[in-house]
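> My numbering puts the first residue of the sequence shown at 265, with every later residue one more than the last. Sharing a structure with you now.
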Amino acid sequence: MIDSARAIRKGGRTVAFVVAWDFPSIHRWVFGTDRAVEIRGASLLLDQFNREDMSARLRAALPGAETVFAAGGSAVHVVDADRETIEAAGRSLRAEVRRRTGDGLDLFWGVGALEGATGFRGALAAAFRDLHRRRGAPPAARADAEPPFVRRCVSCGAEPAELGCSEPARDGGGFEWLGPACRARRDAAAAGRQHGVSAWARALGADRDDAEERRARDFHEIGEAAGRRSGYIGVLYADGDGMGRRLQRIESAAAYGSFAGALDEAIAAAVRGALRATMPEFDEGERIPADVLVLGGDDVVAVVPADRAIRFGLELMRGFEQEARGREPLARSGDDPPSVSVGIAIARQDQPFREVVGICEELLRSAKRRAGAGHGGIDVADISQTRLRPIDQVREELSVKNAPEPYRLGTSPWTADELARLQGLFGALEREFGTTRLRRLLSFVRLGPRAAAFEIARLVGRLDGSQACRVLDALDELGIGRTADLLGWSRTGEEGGVAWQTPLADLEQLWVGWPLSGNGKATEGAR
């Protein structure tokens, strides 16, 4: 591995450079369509470019080029060549990426001289500055060659399309209009069955053939596996906390590659552990009702049945922390143990997927505000019954309106321990109340503090003595108290005034995301 101690050749000879690569707008490429087959193909094609093709083509164009790290939509190489040769190789790689993706994906690069005064760390910083400069440049003008009347792509709705044969699916296949980028996605998905390693295969840790056979056919199959309410999915977006800052402190190429490689392996192992913990089908050799669409670096995008989503996210967070503690490059990379934060959107299986992923990104940003001191944050929202808007507007729509002061339903975001505690309390209440009565109890939070207190007291009063005590104990755990005077409502300052919030509303909002406790009927002790 080339590092900062390597001699720099000058005087007409080559100089070592650090070259940083980046695919901009990865999510627009991968999630530019709502259909699972094209999303999978886009993810596979990105992984092939990033993990395999780029390094091989770079070594062919620039003998002696060495890969420091390549995954998650970015890569770092160290190259012995003159700058003009590096620029020519970059232009060639970019043209190849655009050709194979129907102009759906782009590639940028930045170059930093590996000089003794700055070393690898300084050269990498210079390469990233150069990369950001190129990405910020205005795009080249392109003539609009579209005729006045064109067919639009049935998958993304944006590209001019041409008629072609589609892959047999639930409707038996046939002919459909696909644009160049979506056709590239579709072709990559079909080719992926014969070669290449997908994010799903890496998550399973299995060979490609076995992985594809055990993958859910589409999002509908995943939604149909939801036990609490069929047809609902959980879309999860996870990302490491403060990993950029940790990487910026690394002084050598060898250490950078070691840390980034350990990070990539740890997140894949954590996803595998979460699948095994939440999907009984994993160890039974059956088709698994889940999909992993992005897995690389410290990023994960996965789809699971709605009532397994929260537990999947919690298992992923804890699994990553455990994996990080067992890998030396990660464990000694900073004062606090590495962590990941997670955003989860509960949605209907037929909602526009790219919009759901966009809300997941918002939830992830919210979750990261709760991260710190070695723990990640997690935020969850049920968007299945709301119009797709920014999550702050969605939550405002869910607030209590007929109250003298504004009420903010829910206490999100949480740490993993906080949300796991809420999940356990939900299960305890469901076992005592039964599903129907618990649903009614949780609906009372929209009445406001005092009216809800009266209704909940009436409902609990209908239970027998021992059962009522157990229910009140569970409510105590929520901070509500046996008097149920304010049901755990608390005042919190917010922009524009003071609002109220209650943890009881978390249970109500995330109803679809909680796993069944095994008691689907009203408890016998309730009258």
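For glycine and all other residues, C-beta sits at the position ideal for the given N, C-alpha and C. Values in this document were obtained by computation on a predicted structure and should not be read as measured data.
Using three-state DSSP, classify Glu488 as helix, strand or coil.
On the sequence shown, position 224 is the one that residue 488 refers to. In the three-state reduction of the DSSP assignment, Glu488 falls in the helix class, which pools H, G and I.
> Looking at Leu594: is its Cβ nearer than 9 Å to the Cβ of Leu527?
The residue you call residue 594 lines up with position 330 of the sequence shown. The residue you call residue 527 lines up with position 263 of the sequence shown. Against a cut-off of 9 Å, the Cβ pair of Leu527 and Leu594 comes out as a contact.
> What does the Cβ neighbour count give for Gln649, buried or exposed, with the cut at 16 atoms within 10 Å?
Within the sequence shown, numbered from 1, the residue matching residue 649 stands at position 385. Under this definition Gln649 is an exposed residue.
> Checking the sheet assignment: what are the DSSP bridge partners for Ala611?
As a working note, residue 611 is residue 347 in the sequence shown. Bridge partners of Ala611: Ile497.
> Using beta-carbon positions only, say whether Gly337 and Gly491 come within less than 9 Å of one another.
On the sequence shown, position 73 is the one that residue 337 refers to. On the sequence shown, position 227 is the one that residue 491 refers to. Their beta carbons are not under 9 Å apart, which means Gly337 does not touch Gly491 by this criterion.
> Check whether the Cβ atoms of Ile608 and Gln687 lie closer than 9 Å to each other.
Residue numbering aside, residue 608 sits at position 344 when the sequence shown is read from its first letter. Residue numbering aside, residue 687 sits at position 423 when the sequence shown is read from its first letter. It is not a contact, given that the beta carbons lie outside the stated cut-off.
> Cβ atoms of Ala588 and Val606: under 9 Å apart, would you say?
Locating residue 606 in the sequence shown gives position 342, where the first residue counts as 1. Locating residue 588 in the sequence shown gives position 324, where the first residue counts as 1. Not a contact, by the Cβ cut-off of 9 Å.
> Just to confirm, are Ala738 and Ala692 a CB contact at a threshold of 9 Å?
In the sequence shown, residue 738 corresponds to position 474, counting from 1. In the sequence shown, residue 692 corresponds to position 428, counting from 1. Contact flag set, yes.
> Nearest-angstrom Cα distance between Gly777 and Arg347?
Here the question's residue 777 lines up with position 513 in the sequence shown. Here the question's residue 347 lines up with position 83 in the sequence shown. If I take the Cα positions, the gap works out to 53 Å.
> Rounding to the nearest angstrom, what Cα-Cα distance links Trp464 and Ala532 in this structure?
Residue numbering aside, residue 464 sits at position 200 when the sequence shown is read from its first letter. Residue numbering aside, residue 532 sits at position 268 when the sequence shown is read from its first letter. Each residue's Cα considered, the two are about 10 Å apart.
> What residue range is occupied by the uninterrupted beta strand (DSSP E) comprising Thr331?
Reading the sequence shown from its first residue, position 67 is the one you call residue 331. It spans 330-335 - the beta strand (DSSP E) in which Thr331 sits, taken as one unbroken run.
> Pick from Phe690, Val342, Arg714, His291: whose alpha carbon is nearest that of Cys770?
For this step, residue 770 is matched to residue 506 along the sequence shown. Note on residue identity: the sequence assigns Asp, not Cys, to residue 770. The option with the nearest alpha carbon to Asp770 is Phe690.
> How about the stretch 510-522 and the stretch 377-387: do they share at least three Cβ pairs that are nearer than 8 Å?
yes
> Excluding the five sequence neighbours on either side, which residues of its own chain have a C-beta within less than 6 Å of the C-beta of Arg397, listed in chain order?
For the purposes of this step, residue 397 is taken as residue 133 along the sequence shown, with counting starting at 1. Result list for Arg397: empty, nothing under 6 Å.
> For Asp344, list the residues DSSP reports as bridge partners.
As a first step, residue 344 must be located in the sequence shown, where it is residue number 80. Asp344 pairs with Ala280.
> Using the Cα positions of Asp394 and Ala541, report the straight-line distance between them to the nearest angstrom.
In the sequence shown, counting from the first residue as 1, residue 394 sits at position 130. In the sequence shown, counting from the first residue as 1, residue 541 sits at position 277. If you take the alpha carbons of Asp394 and Ala541, they lie about 43 Å apart.
> Short check: CB of Ala339 to CB of Met318, under 9 Å?
By 1-based counting over the sequence shown, the position of residue 339 is 75. By 1-based counting over the sequence shown, the position of residue 318 is 54. Yes.
> What is the DSSP secondary structure of Phe295, counted as helix, strand or coil?
Taking the first residue of the sequence shown as 1, we reach residue 295 at position 31. In the structure shown, Phe295 sits in coil (DSSP, three-state: anything other than H, G, I, E or B).
> Should Arg292 go down as buried or exposed, given a rule of 16 or more other Cβ atoms within 10 Å for buried?
On the sequence shown, position 28 is the one that residue 292 refers to. Burial call: exposed.
> Ignore the nearest five residues each way along the sequence and tell me which others in Glu488's own chain have a CB closer than 6 Å to its CB.
Numbered from its first residue, the sequence shown carries residue 488 at position 224. These residues qualify, in order along the chain: Ser494.
> CB-CB under 7 Å to Asp547, same chain, minus the five flanking residues each way: which ones, in chain order?
The sequence position of residue 547 within the sequence shown is 283, counting from 1. Within its own chain, the residues whose Cβ lies closer than 7 Å to the Cβ of Asp547, once the five positions on either side in sequence are excluded, are Arg540, listed in chain order.
> How far does the alpha helix (DSSP H) with Ala377 in it extend, from its first residue to its last?
Against the sequence shown, residue 377 aligns to sequence position 113. Run containing Ala377: none in the alpha helix (DSSP H); it sits in the beta strand (DSSP E), 372-377.
> How is the alpha helix (DSSP H) around Asp812 delimited, first residue to last?
Summary: the structure shown does not reach residue 812, with the chain confined to residues 265 through 791, and so no result is reported for it.
> Alpha carbon to alpha carbon, how far is Phe718 from Val735? Give it in angstroms, no decimals.
Translated into the one-based positions of the sequence shown, residue 735 becomes position 471. Translated into the one-based positions of the sequence shown, residue 718 becomes position 454. Whole-angstrom Cα-Cα distance: 16 Å.
> Find the nearest neighbour of Val621 within the set Gly636, Val565, Asp600, Glu585, judged by alpha-carbon distance.
Translated into the one-based positions of the sequence shown, residue 621 becomes position 357. The option with the nearest alpha carbon to Val621 is Val565.
> Measuring CA to CA, which of Ala425, Asp286, Ala684, Gly328 is closest to Leu371?
Translated into the one-based positions of the sequence shown, residue 371 becomes position 107. If we check each option's Cα against that of Leu371, Asp286 comes out closest.
> Should the stretch 300-316 be regarded as contacting the stretch 448-456, the criterion being three or more beta carbon pairs within less than 8 Å?
yes
> Can you give the Cα-Cα distance for Arg323 and Val604, rounded to whole angstroms?
Numbered from its first residue, the sequence shown carries residue 323 at position 59. Numbered from its first residue, the sequence shown carries residue 604 at position 340. The straight-line gap from Cα to Cα measures roughly 34 Å.
> Which residues share a DSSP beta bridge with Ala645?
Walking along the sequence shown from the start, residue 645 turns up at place 381. In DSSP, Ala645 forms a bridge with Ala609.
> Do you know offhand how far Thr766's Cα is from Arg582's?
On the sequence shown, residue 766 is found 502 positions in, with the first residue counted as 1. On the sequence shown, residue 582 is found 318 positions in, with the first residue counted as 1. So the alpha carbons of these two residues sit roughly 26 Å apart.
> At which residues does the alpha helix (DSSP H) containing Leu557 begin and terminate?
Within the sequence shown, the letter at position 293 stands for residue 557. Segment 555-560 is the beta strand (DSSP E) holding Leu557; no alpha helix (DSSP H) there.
> State the Cα-Cα distance for the pair Val342 and Glu772, rounded to the nearest angstrom.
Indexing the sequence shown from 1 puts residue 342 at position 78. Indexing the sequence shown from 1 puts residue 772 at position 508. About 53 Å.
> Can you give the beta carbon distance from Gly376 to Cys417, rounded, assuming they're within the 8 Å contact cut?
Mapped onto the sequence shown, residue 376 falls at position 112. Mapped onto the sequence shown, residue 417 falls at position 153. So it is not a contact: roughly 39 Å between Cβ atoms.
> Would you decide whether Thr700 is buried or exposed? Buried here means 16 or more other CB atoms lie within 10 Å of its CB.
Numbered from its first residue, the sequence shown carries residue 700 at position 436. Counting Cβ neighbours within 10 Å, Thr700 comes out exposed, since fewer than 16 surround it.
> For Val709, which residues in the same chain have their Cβ closer than 7 Å to its Cβ, ignoring the five residues on either side in sequence?
Translated into positions along the sequence shown, residue 709 becomes position 445. Closer than 7 Å at Cβ, skipping near neighbours: Leu673, Ala716, Thr766, Leu768, Ala769, Glu772.
> Could you tell me the distance, in whole angstroms, from the CA atom of Leu468 to the CA atom of Arg551?
Locating residue 468 in the sequence shown gives position 204, counting from the first residue. Locating residue 551 in the sequence shown gives position 287, counting from the first residue. About 12 Å.
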